[in-house]
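Enquirer: Note that numbering that gives the first Met the number 0 has the sequence shown beginning at 0, numbered continuously upward. Idealized CB from N, CA, C, for every residue including glycine.
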Amino acid sequence: MKNRKFSNIEFQVNSTIKSSCSFQELQKLNSEMVDFFKGRVLTELIITGEISQDSTRSFYQEILAKN
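#1: Tell me the DSSP secondary structure of Asn-7 in three-state form.
#2: Taking just the CA atoms, how far does Ser-51 sit from Ser-30?
#3: By alpha-carbon positions, which one of Ser-57, Thr-42, Ile-16 and Ile-45 ends up nearest to Val-33?
#4: Determine the burial state of Phe-10: buried for a count of at least 16 other Cβ atoms within 10 Å of its Cβ, exposed for fewer.
Put into structure tokens, the structure is as follows:
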């Protein structure tokens, strides 16, 4: 049961990222940055129960600015 729930959350996080950023944008991130990005989206999802495209884009911009 826990694995199924985690899979659903992981799917939601991945879907949110894919709908918020283009493939070309995501290619700019290395695997460590992608993991950090997923973590930020997951944290926001857990805290608020939902996540907006605007906040996802701001996380993406923040990650790029740090590098």
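Expert: Based on what the coordinates show:
#1: Three-state DSSP puts Asn-7 in a helix.
#2: Distance between the alpha carbons of Ser-30 and Ser-51: 23 Å.
#3: Checked all of Ser-57, Thr-42, Ile-16 and Ile-45; the closest Cα to Val-33 is Ile-16.
#4: When all chains shown are included, Phe-10 counts as exposed.
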